[in-house]
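Participant: Input: one structure, supplied below.
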Amino acid sequence: MSADDPGRRRRAGDDAVTPDLLERLVCPATRSPLRFDASNNELVSNQARLAYPIRDGVPVLLIEYARPLD
């Protein structure tokens, strides 16, 4: 199956976080940049050690929904 195949299974965040969007988003706790972790479908703040989920293609940048990183 190719990437252009309409039958290809897609994760919710595949198109949610474009490089342009990622450039504008910051961690709500620290105002530091975020990085996209495609394997977990999360936005990660290295400075805050938090991972924010992406649900139904929408980044949830609420501290209370963030997962602490080990």
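Residues in the sequence shown are numbered consecutively from 1244, following this note's numbering. Glycine is no exception: its CB is placed at the ideal position from the N, C-alpha and C atoms.
In the DSSP assignment, what are the bridge partners of V1287?
Facilitator: Looking at the DSSP assignment, V1287 forms a beta bridge with R1278 and A1294.
Participant: Looking at A1291: is its Cβ nearer than 8 Å to the Cβ of N1283?
Facilitator: Not in contact: A1291 and N1283 (Cβ atoms no closer than 8 Å).
Participant: Helix, strand or coil for P1302, going by three-state DSSP, please let me know.
Facilitator: Here P1302 sits in strand by DSSP.
Participant: What did DSSP end up calling P1262 once you bin it into helix, strand or coil?
Facilitator: P1262: helix per DSSP, three-state reduction.
Participant: Below 8 Å between beta carbons: does that hold for P1311 and L1268?
Facilitator: Not in contact: P1311 and L1268 (Cβ atoms no closer than 8 Å).
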